[in-house]
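Student: In the numbering used here, the protein residues as written are 596 to 664. My questions will all concern the structure given below.
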């Protein structure tokens, strides 16, 4: 039961951090929505990589499964 809580905590920390970073970048560019969009794109890449690594599929290029991150 402790491992799922750690994974959830890591996801929430990374999600919150990227959101705050995106807002700060958006404020620098004077467009908060742009910063949030950039943060969402970076988060999606991180999330796909994190889940792929967790499922032991990192770097797998198998024709049966397709190309995976």
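In this text, a Cβ means the ideal position worked out from N, Cα and C, and glycines have one as well.
Is it true that the CB of residue 598 sits closer than 7 angstroms to the CB of residue 709?
Tutor: Beyond the ends of the chain as shown, which are 596 and 664, falls residue 709; an answer cannot be given.
Student: Below 7 angstroms CB to CB, which residues in the same chain sit around residue 610 once its five sequence neighbours on both sides are set aside?
Tutor: If we look at residue 610 and ignore the five residues flanking it on each side, its Cβ neighbours are 638.
Student: DSSP state of residue 597, grouped into three classes?
Tutor: Helix at residue 597.
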